[in-house]
Amino acid sequence: MDFPLPPLEAGADNALALPAHGTTVTAADLQTRLIQAVDGDGPVEIDASQVESVGQAVLQLIVAAKAEADKLGKAFTILNPSTAFTDRVNRCQLAAAVGIDTGELL
39 MDFPLPPLEA GADNALALPA HGTTVTAADL QTRLIQAVDG DGPVEIDASQ
89 VESVGQAVLQ LIVAAKAEAD KLGKAFTILN PSTAFTDRVN RCQLAAAVGI
139 DTGELL
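Under the working numbering, read the sequence shown as residues 39 to 144, first letter to last.
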């Protein structure tokens, strides 16, 4: 099964929506979009509001994109993280690495 990411909105060069199910299958497309977002002008914004499940490959890409954005001095924001996204990030102890404040002590 193929789960392509939703198309980028016109004029939202650096904003992208994560798929409901972030798997290894969706990671290749996400990698391309994250590279474009980090290399583009302006801040990097990722909408995680529709995430129902997120796998290791997707989390690794988000961590790498955040690190690269930080290195370049670019703002990196996870917008409206779903409960499922936040729970997975907390379980993996990656809140700081992806740049979200979950309100939990790690």
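The C-beta atom is built at its ideal place from N, Cα and C for all residues, glycine as well. Just so you know, these numbers come straight off a predicted model, no measurement behind them.
Beta-carbon proximity of residue i to residue j, cut-off 9 Å
i, j, result
"T124", "V82", "no"
"S87", "L117", "yes"
"V127", "L99", "no"
"D79", "A55", "no"
"K112", "V136", "no"
"A122", "V89", "yes"
Same chain only: Cβ atoms within 6 Å of residue i, ignoring 5 sequence neighbours per side
i, result
"T61", "G93"
"A95", "T62, A65"
For residue j and residue i, the rounded distance between their alpha carbons
i, j, result
"L46", "D139", "At L46 the pLDDT is 40, less than 50, meaning the model places this residue with poor confidence; the figure from the coordinates comes in the next sentence. Whole-angstrom Cα-Cα distance: 26 Å."
"T70", "A105", "16 Å"
"I73", "L110", "13 Å"
"A102", "R129", "18 Å"
"S91", "D67", "17 Å"
For residue i, the residue or residues it bridges with in DSSP
i, result
"S87", "None; S87 has no bridge partner."
"F114", "V82"
"G60", "V92"
"A55", "D85"
Cutoff 7 Å; reference residue i; Cβ partners in own chain excluding five residues on either side
i, result
"A107", "V76, V82, F114"
Cut-off 8 Å between Cβ atoms - residues of its own chain near residue i, not counting five sequence neighbours on either side
i, result
"S120", "A86, S87, Q88, V89, E90"
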